[in-house]
Structure formats: structure tokens, C-alpha cells
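A quick write-up on the structure given underneath.
Protein chains in written order, with our numbering: chain X, 69 to 354; chain Y, 5 to 216.
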């Protein structure tokens with residue numbers, strides 16, 4: 069494959085990016101979260117900022133960091149870039165890119181519950197409850213050895229927030245409660261399970277509800293006779309949540325290695341032509 | 005996790021355009037004696053079958069694995085189905101029987117067109133165990149980017165490719181400051197998992213800017 073990084077004029081791209089964004093800001097085309105910026109500036113001056121921020125004393129206002137943010141949480145205010153702490157998911161993309169010429173993007177040790185943002189949004193962070201990075205689940209990847217999803221089951225994966233919009237735990241809670249009211253719990257080894265405060269309703273700990281993350285994956289197991297019930301729940305949630313979510317289903321292959329998706333969901337339910345397929349290399353090894 | 009299952013832009017009319025090979029060692033088994041060495045060997049096998057196929061960052065990442073912390077997952081994107089067949093056939097020869105005997109549950113998942121995965125299974129003697137199908141997006145879908153932009157944005161399974169970055173890159177290609185190839189490499193750069201497909205991204209950037 070072609071495309072060596074040696075051939076890339078990365079600096080040229082970033083300079084052009086900065087120019088574009090400065091022009092857009094000058095034309096009033098970009099929102100500026102003024103209150104958030106003032107709050108950050110006040111806290112910065114007191115040396116007590118509890119989230120990732122851009123050091124206003126060293127930022128040169130080049131704007132290179134702005135288009136990199138998956139949550140569009142960075143903007144220019146005057147001649148400085150600022151991170152809106154409410155919208156920042158603490159994914160660390162801006163920091164890892166190492167594009168700030170003034171080294172003004174400052175990561176901090178996050179306290180609870182803000183640390184949840186990083187745990188769910190930074191693919192390098194590890195979920196304490198499961199010991200797994202990313203969204204904190206192994207899903208179907210290890211199903212040939214772990215048998216989490218068996219014949220007769222439908223494994224249900226609801227991923228909230230991706231792409232682009234992000235999600236708050238208020239919406240995560242809506243999904244947990246919807247499934248709970250229909251008789252289904254989040255599977256035990258999913259990181260959301262550790263955040264559930266009321267096992268009877270599925271309510272999450274109230275202190276986490278406003279935290280914003282790029283995405284999280286909720287997993288449930290339902291019987292393969294409940295495909296219609298699943299679609300009913302999903303269509304209800306589609307009207308109730310304040311973000312986007314994807315639905316994926318895990319199905320064990322039949323004896324010939326084929327999926328019985330169409331048998332369960334019928335001919336009219338949308339399904340991508342691509343899928344993840346565990347090829348059974350670790351079958352019968354626990 | 006749903007990671008690679010939401011990738012948009014693959015089409016049965018273009019078989020073999022992308023196949024991601026992902027290997028995982030369950031978290032509960034990573035402390036077993038010798039399993040680390042088995043994963044290192046797997047990374048070396050992947051390199052052997054893809055070294056001249058991948059961008060340098062993929063080669064560098066795989067080559068560094070023996071010296072890094074235990075990689076719970078290894079993932080690489082192939083754009084040549086034959087190479088995936090060769091890799092799996094190679095693993096079957098000696099690596100797989102030895103590690104099965106030792107009780108190392110290292111799983112492999114293929115992500116791509118289901119027909120491609122099935123063909124590879126038939127040719128290599130493996131059989132599908134579990135599928136993860138995507139039924140698409142729900143909720144506030146009016147806030148999603150265009151389907152064309154989604155082909156690029158969904159290449160990151162953790163949602164780290166910003167929509168503003170895609171718009172910027174498309175603008176830079178249209179103005180002649182960047183090529184589709186440079187833009188494809190740029191969005192793959194922050195990928196921490198190794199599933200960026202520069203070749204498909206290049207084709208997509210070229211198509212969206214009429215640079216084909």
C-alpha cells in the first residue's frame with residue numbers, strides 16, 4: 069500500500085487547517101462557549117482546573133487543535149483556543165496528536181466522576197471493572213472460547229454516541245431502564261454494570277449522569293424468539309434518546325457456519341453487508 | 005464491543021476491498037505462562053504476510069509488539085483476501101496446533117463482507133462461530149454526517165476521526181494543497197488499534213473530490 073508518512077506534508081495541512089478555522093471564526097461561523105471559557109480562565113488563574121485545558125498564557129491561537137476534536141469542543145475565543153469542559157470527552161486526541169506548537173494543551177489527573185469520560189473515550193484507558201481497554205468489553209471477539217453468546221441467544225449491542233455526537237449517561241440510563249423494564253439486565257462483565265445504583269430499575273448513580281463520553285456499548289442477552297420485542301424497544305428508544313446509537317446483534321453460526329439473521333429478523337430489517345465474524349480458532353479452549 | 009462492525013462503504017459489488025484481521029487474548033488468560041510469546045509469534049506471522057502491503061506505521065506498530073506491554077488485541081487491515089488466506093493457512097501448520105495444545109485461547113475475528121469471510125473460511129478449513137451484524141443507526145440520525153463522510157469517519161472504531169477534520173481535508177484536496185493519498189494517511193495516523201485502511205480512504209477521498 070502506498071502512503072508513507074514520509075511523503076506527507078503534515079505541517080502544510082495543519083497550517084492550512086488553522087487558516088481555515090481562523091477565517092471561519094472571524095466570519096462568525098463558529099460558536100464560542102464564552103461562559104465555559106471564562107470559567108476555565110478563572111480556574112486556570114487559581115491553579116485548580118479539574119479537566120484538560122489549553123493554557124491561555126502559552127496558547128498562540130494558531131487553531132491547529134480545533135478540527136482534531138471528535139466532539140467539536142475546541143474553539144477560538146479572541147486570539148486563544150479553549151476547550152469547552154462540558155463538551156470535552158477527555159479522549160486525549162488533541163494531546164496525542166502532538167500538534168500544539170506551544171505545548172499549551174494540558175492534561176490533568178481527573179477526579180471522579182469526570183474520570184469516566186476518559187475511561188470510556190480514550191481507547192488507551194483501561195476500565196477498572198473489566199480490566200479491558202476501549203469500551204471495556206470483549207463482545208464476540210472471544211466468544212469461541214468464552215461462550216458468552218450461545219445458540220438460541222441474541223446478543224444485543226447498543227452503542228450510544230458514535231459517530232460524531234457523543235453521549236451523556238442520561239441516555240445510557242434510558243437504555244438500561246428500557247431493557248430492564250422489558251426483563252433484561254446489562255450483562256455482568258460490561259463496564260456499565262458497575263455504574264448501576266438501583267438494580268430494580270436500572271437507574272445509574274446520579275453523580276455520573278451528566279458526564280459526556282464519545283461512546284459506550286451496552287450488552288444484553290435475549291432469547292432468539294424476542295427479535296420483534298427487540299426492534300420494538302429500539303424504535304421506542306430511537307424517539308427517546310438525545311443522541312445517536314447503533315444496534316448490532318451477535319448470533320452463533322449454525323452447523324454449516326452460516327448466520328440465521330434473516331430467519332430471525334425477516335427480509336426487511338436493514339443489515340450492513342459487512343459483519344464481524346469469529347472463525348472459531350479458540351473453540352473448546354477456556 | 006462493536007468497534008469495526010459499523011464501518012460504512014463496503015459493497016458486495018467490490019469483494020475483497022477490506023478485511024480486518026483481529027486477534028484477541030481474553031483478559032482473564034493473559035497471565036498464563038507462555039501466552040505472551042504466542043502472541044508475539046502471531047504478530048510476526050502477520051508481519052510476514054503483510055509487511056510489503058501495509059503503510060510503514062502498521063509495520064512499525066507490529067514490529068514493536070515484542071518490546072511493549074501485552075497487546076490484548078492485535079488488528080490489521082488487509083486489502084488482499086489472498087494474504088488473509090495465506091496467513092490463516094500458515095497459522096494452521098504449526099502455530100495453532102501447538103497453542104491449542106497448550107490451552108491458549110487466542111481468537112481470530114474477520115471483519116468484512118460476510119461473503120468474503122465465508123469464502124476464506126471455506127478455503128482455509130475454519131468455520132464461522134459467531135457473527136456480529138450491524139442493523140444501522142437510530143436516534144438523532146439527523147445529526148449524522150453524510151453517508152460519504154461516514155465512510156471515512158467510521159474507519160475509527162472509537163469515534164476519534166472528527167467530522168471537522170474530514171471537511172478540512174476535503175477542502176485541502178479540492179484546493180490542491182493535499183492529495184487524497186496524503187489525506188488518507190493523515191486520518192489513519194491517530195489510530196491506536198491498527199484498523200485504518202489507507203487504500204480505501206484514499207479511494208474515498210478521491211471519489212468525493214473528483215480526483216479519481
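Virtual Cβ for every residue (Gly too), placed ideally from N, Cα, C.
Contact between residue 347 (chain X) and residue 130 (chain Y) holds: their C-beta atoms lie close to 4 Å from each other, under 8 Å. Counting along the chain, residue 171 (chain Y) sits inside the alpha helix (DSSP H) bounded by residues 167 to 178. Between residue 118 (chain X) and residue 130 (chain X), the alpha-carbon positions lie close to 24 Å from each other. What residue 152 (chain Y) touches in chain X, judged by beta-carbon distance under 7 Å, is nothing: the nearest beta carbon there is about 13 Å away. Straight through space, the alpha carbons of residue 194 (chain X) and residue 256 (chain X) are spaced by roughly 17 Å.
Residue 346 (chain X) sits in a strand when the DSSP states are folded into three classes. Annotation for residue 85 (chain Y): the continuous alpha helix (DSSP H) segment containing it runs 85 to 97.
Under the Cβ criterion (8 Å, minimum of three pairs), the segment 12 to 27 of chain Y counts as touching the segment 77 to 92 of chain Y. A straight line joining the alpha-carbon of residue 251 (chain X) with that of residue 188 (chain X) spans about 26 Å. Straight across, the Cα-Cα distance linking residue 192 (chain Y) with residue 217 (chain X) is about 32 Å. Counting C-beta pairs closer than 8 Å gives fewer than three between the segment 179 to 186 of chain Y and the segment 170 to 177 of chain X, which falls short of the contact rule. Annotated as proximal: residue 311 (chain X) and residue 234 (chain X), with beta-carbon spacing under 9 Å.
With a 10 Å radius around the Cβ and a threshold of 16 neighbouring Cβ atoms, residue 300 (chain X) comes out exposed.
Taking residue 231 (chain X) as the centre and dropping the five residues before and after it, the same chain places the C-beta of 312 closer than 8 Å to its C-beta, in chain order. Per DSSP, residue 162 (chain Y) has no beta bridge partner at all. Contact residues of the segment 331 to 343 of chain X toward chain Y are 337, 338, 339, 340, 341, 342 and 343 (C-beta to C-beta distance below 7 Å). Taking 9 Å as the threshold, the shortest C-beta distance from residue 101 (chain Y) to chain X does not fall below it.
For the beta strand (DSSP E) assignment, the uninterrupted runs of no fewer than 3 residues enclosed by the segment 15 to 64 of chain Y are, from N- to C-terminal side, 23 to 28. Against chain Y, a Cβ distance below 8 Å from residue 353 (chain X) picks out 104, 107, 108 and 109.
If you draw a straight line from the Cα of residue 108 (chain Y) to the Cα of residue 341 (chain X), it comes to about 32 Å. Membership of residue 238 (chain X) in the alpha helix (DSSP H) is indicated by the continuous run 237 to 249. For residue 26 (chain Y), the nearest beta carbon of chain X is closer than 9 Å to its own beta carbon. Beta-bridge analysis with DSSP links residue 115 (chain Y) to X:344 and Y:24. In this structure, residue 28 (chain Y) keeps its C-beta atom at 9 Å or more from the C-beta atom of residue 88 (chain Y). Taking a contact as a CB-CB distance under 8 Å, the pair residue 158 (chain Y) and residue 40 (chain Y) does not count as one, their CB atoms being some 32 Å apart.
Cα atoms of residue 106 (chain Y) and residue 353 (chain X): separation of roughly 9 Å, rounded to the nearest angstrom. With respect to chain X, the C-beta atom of residue 74 (chain Y) has no partner C-beta closer than 9 Å. By the rule that beta-carbons nearer than 9 Å mark a contact, residue 209 (chain X) touches chain Y. Sequence-distant Cβ neighbours of residue 90 (chain Y) in its own chain, meaning closer than 7 Å and more than five residues away, are 53. Selection X:339, X:350 and X:229 evaluated against residue 16 (chain Y) yields X:339 as nearest (Cα-Cα). Residue-level contact check: residue 183 (chain X) does not touch chain Y, since none of the beta carbons of chain Y fall below 9 Å from its beta carbon.
Inclusion of residue 100 (chain Y) and residue 139 (chain X) in the CB contact set at 9 Å is not warranted, their separation being larger than that value. Per DSSP, reduced to three states, the secondary structure at residue 226 (chain X) is strand.
Within the segment 110 to 127 of chain Y, 110, 111, 112, 113, 114, 115, 116, 117, 118, 119, 120, 121, 122, 124, 125 and 126 place their CB atoms closer than 9 Å to a CB of chain X, listed in sequence order. Annotation for residue 151 (chain Y): 12 place their beta carbon closer than 7 Å to its own, counting only its chain and skipping 5 residues before and after.
By the criterion of a C-beta distance shorter than 6 Å, residue 216 (chain Y) is surrounded in its chain by 210, once the five residues flanking it on both sides are discounted.
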